[in-house]
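Numbering (UniProt numbering), first residue to last: 1 to 155.
Built from N, CA and C at the ideal position, the CB exists for glycine as well.
The model shown is predicted, which means the values in this text are computed figures rather than measured ones.
Remarks on the structure that follows.
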Amino acid sequence: MNNKDKENIFALLSGLKMAEINNNVVQKEFCAALLYKYQQENIDIYEFVGKNEIEESINEGVALFVKRKRKYFIKKTIFNMFTGMSAGLFAHLYLRLSIAKSLMVFLVAFLIDTFIKLKVSKIVFVSETRKEYSKFVDNKLLHIRESEDVSKLWI
């Protein structure tokens, strides 16, 4: 582990503790998600703090991040369904297609909208999350791993 990783891990661990003290769930989520990424890369994050002291906080923060992703996915899916429903209604009311054909138009529109937004949604999610992080997370922590490819931060 190089010195930059050590500094980042120390900053994230202290940020995680401060988030718990100040009850800042967004910062807790941010620090825990990045510490989890370090864990996945086989970097020892327990060098400064004991495993039993911090592991529960990391798990809670990662759970918050997963909850945020799930909420975003549900919101995106509902939007895609509305796109499909509007296409189906247009086909039924304006084009005077039967209900069965309108349902097919709905299904095709929903699937096309979903596939088009599949790759883009990952980038949009990360950029929206970064905007919220910039509001609620300590500025010293925001620049940790900032230069990485956006898709690498997708847990």
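- Contact between Glu132 and Val26 holds, since their C-beta atoms are separated by about 6 angstroms, short of 8 angstroms.
- Between the beta-carbon of Ile144 and that of Leu12 there is about 7 angstroms, and that keeps the pair under the 8 angstroms contact cut.
- Boundaries of the alpha helix (DSSP H) harbouring Gly88: Lys51 to Leu93, taken from the DSSP string.
- Contact between the region 89 to 104 and the region 35 to 52 is absent, with fewer than three C-beta pairs closer than 8 angstroms.
- Residue range Ile99 to Phe136 is occupied by the alpha helix (DSSP H) that includes Phe136.
- When the five nearest sequence neighbours on each side are left out, the beta carbons in the same chain lying within less than 8 angstroms of the beta carbon of Ser134 are those of Leu142, in order along the chain.
- Taking a cut-off of 8 angstroms for Cβ pairs, the region 100 to 114 and the region 36 to 55 do not touch, as fewer than three such pairs fall below it.
- Rounded to whole angstroms, the separation of the alpha carbons of Asn42 and Lys76 is 33 angstroms.
- Here DSSP, grouped into helix, strand and coil, assigns Ile9 to helix.
- Under the criterion of beta carbons closer than 8 angstroms, Ala87 and Ala63 do not qualify as touching, at roughly 36 angstroms.
- Ranked by Cα distance from Thr129, the options Arg70, Asn80 and Met18 are led by Arg70.
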